[in-house]
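In what follows, a structure is listed as structure tokens, so that the remarks can point back to it.
2 protein chains.
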Amino acid sequence: MSSISTEAVNRMTRLIGDCDKARCQVDKLQKLTGKLSEEEIEKESQIFKALADPCRLKILMLLREGELCVCEIMISLDRPQSSMSHHLSILKDAGLIKERKDGRWSRYRLSEGSVIEILNQVRLIKEANLTKANFDRGNNK
Amino acid sequence: MSSISTEAVNRMTRLIGDCDKARCQVDKLQKLTGKLSEEEIEKESQIFKALADPCRLKILMLLREGELCVCEIMISLDRPQSSMSHHLSILKDAGLIKERKDGRWSRYRLSEGSVIEILNQVRLIKEANLTKANFDRGNNK
DNA sequence: CATTCATATCAAGCTATTTCGATATATAAG
DNA sequence: CTTATATATCGAAATAGCTTGATATGAATG
Chain R
1 MSSISTEAVN
11 RMTRLIGDCD
21 KARCQVDKLQ
31 KLTGKLSEEE
41 IEKESQIFKA
51 LADPCRLKIL
61 MLLREGELCV
71 CEIMISLDRP
81 QSSMSHHLSI
91 LKDAGLIKER
101 KDGRWSRYRL
111 SEGSVIEILN
121 QVRLIKEANL
131 TKANFDRGNN
141 K
Chain Y
1001 MSSISTEAVN
1011 RMTRLIGDCD
1021 KARCQVDKLQ
1031 KLTGKLSEEE
1041 IEKESQIFKA
1051 LADPCRLKIL
1061 MLLREGELCV
1071 CEIMISLDRP
1081 QSSMSHHLSI
1091 LKDAGLIKER
1101 KDGRWSRYRL
1111 SEGSVIEILN
1121 QVRLIKEANL
1131 TKANFDRGNN
1141 K
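Protein sequences appear in the order of chains R and Y.
Its first residue numbered 1, the first sequence is counted upward by one per residue in my numbering.
Its first residue numbered 1001, the second sequence is counted upward by one per residue in my numbering.
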């Protein structure tokens, strides 16, 4: 079926000694990687990219309290309009926020569903890192 | 207490008409923004940055199945060693994976806790985007 | 229909990130 | 102590992403 790279098997054999086990492990790992659809990974990475900017995180925090127009966001964060517009379009493309046109205003709100969840999860990871860091400091590491 | 920018109130007044309501809204929004600690936001953004790369997402997917050394990861993903080492250090700095030194090997595993959760959440968002996209296509938008 | 106001898009400069070969470090084995 | 192997770090080139003023679009208003 899938062509197991001889080179990979050789490297793995050198790593773990047993040639049969190596072939088996390479096979397993390559099956795993094969399951990762390039396209799916790309989409997930695009969502994380949208979340990976301090300014955009602040926008999401503001929108947790309810719908806002671009004006209100730029007043709150004290940033130029073109910049806010740009960030909002990135968040929208990632499916994290929704837009509602209302006359000459564009009102934005969080998408239903997992957006608040993912913001909560990252806070948990951040807090775990902090307590870990304090623990390490206490042990003079 | 907090100095409400006159300029912001003026803009908001033009937006919503009533000057008192404008002052109140600007006050509310700026209190909200004030609560956002620059430092905390920066840390959360660093975690999302670590997640925002296709190659690093693939590494995390592999590690879901268990501990792996750098070798095994570079064989699986067929990428140069220096590149894998670099990505692993970014994931480690973000607290998403843990390292265990074992002779000349460095073995990496997912951190306990929310890492798998956050990967699940992003998949939910991605899938919501897809069904939304199909719906839109169905409506010739 | 000219103007105003809210928002979007463009373009150019700047910064951060990725990539990967080359080199360094560190552990084990002979 | 030399060699081999696993991993980390460095450095330079390429790429991607952010910022922001200028300009364009498009809806309301007079």
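For glycine and all other residues, C-beta sits at the position ideal for the given N, C-alpha and C.
In terms of CA proximity to residue 121(R), 1051(Y) leads the group 1080(Y), 1099(Y), 1065(Y), 1051(Y). By the Cβ criterion, the segment 67 to 80 of chain R is in contact with the segment 1006 to 1023 of chain Y, since at least three pairs of Cβ atoms, one from each stretch, lie closer than 8 Å. Minimum Cα-Cα distance from residue 1119(Y) among the listed residues 1109(Y), 1060(Y), 1014(Y) corresponds to 1060(Y). Linking residue 71(R) to residue 89(R) through their CA atoms gives a straight-line distance of about 15 Å. Leaving aside the five residues that flank residue 1110(Y) on each side, the residues in its chain whose CB is nearer than 8 Å to its CB run, in chain order, 1060, 1063, 1064, 1096, 1097, 1098, 1116. Against residue 102(R), chain Y offers no close residue; the least beta-carbon distance is about 12 Å (beta-carbon pairs closer than 8 Å). Runs of the beta strand (DSSP E) spanning 3 or more residues and lying entirely within the segment 39 to 106 of chain R occur at 97 to 102, in chain order.
Bridge pairing for residue 1109(Y): 1098(Y) [DSSP]. A residue is called buried when at least 16 other Cβ atoms come within 10 angstroms of its Cβ; residue 130(R) does not meet this threshold and is exposed. One finds 58, 61, 62, 76, 77, 78 in chain R with Cβ atoms closer than 9 Å to the Cβ of residue 1033(Y), taken in chain order. For residue 1045(Y), the nearest beta carbon of chain R is closer than 9 Å to its own beta carbon.
By the neighbour-count definition (other C-beta atoms within 10 Å, threshold 16), residue 1100(Y) is an exposed residue. By a beta-carbon distance limit of 8 Å, residue 1067(Y) contacts residue 1107(Y). Their separation comes to about 5 Å. Residue 43(R) sits buried, since 16 or more C-beta atoms from the chains shown fall within 10 Å of its C-beta. Shortest Cα-Cα distance from residue 132(R) to any of 1135(Y), 1128(Y), 1093(Y), 1013(Y) involves 1093(Y).
Taking 9 Å as the CB threshold, residue 1114(Y) lines the interface with chain R.
Close CB contacts of residue 1026(Y) within its chain, under the 8 Å cut and outside five residues either way in sequence, are with 1004, 1005, 1008, 1009, 1012 (chain order). Below the 9 Å Cβ cutoff, chain Y contributes no neighbours of residue 24(R), its closest Cβ being approximately 13 Å away. Proximity of chain R to residue 1121(Y) at the Cβ level (cut-off 7 Å) is accounted for by 114, 117, 118, 121, in chain order. When Cβ-Cβ separations below 9 Å define contact, residue 53(R) makes contact with chain Y. In the structure shown, residue 1032(Y) adopts helical secondary structure according to DSSP, grouped into three states.
Taking C-beta atoms under 8 Å as the contact rule, residue 1114(Y) and residue 124(R) qualify, at a distance of about 4 Å. With a beta-carbon spacing of about 5 Å, residue 41(R) and residue 1057(Y) fall inside the 8 Å limit used to define contacts. Listed along chain Y, no residue sits closer than 8 Å to residue 19(R) by beta-carbon distance, the nearest being about 15 Å off. Note on geometry: alpha-carbon atoms of residue 1086(Y) and residue 1017(Y) lie some 54 Å from one another. Here DSSP, grouped into helix, strand and coil, assigns residue 20(R) to helix. Looking at the backbone, the Cα of residue 91(R) and that of residue 1069(Y) are separated by about 36 Å.
The beta-carbon of residue 84(R) is placed no less than 9 Å from the nearest beta-carbon of chain Y.
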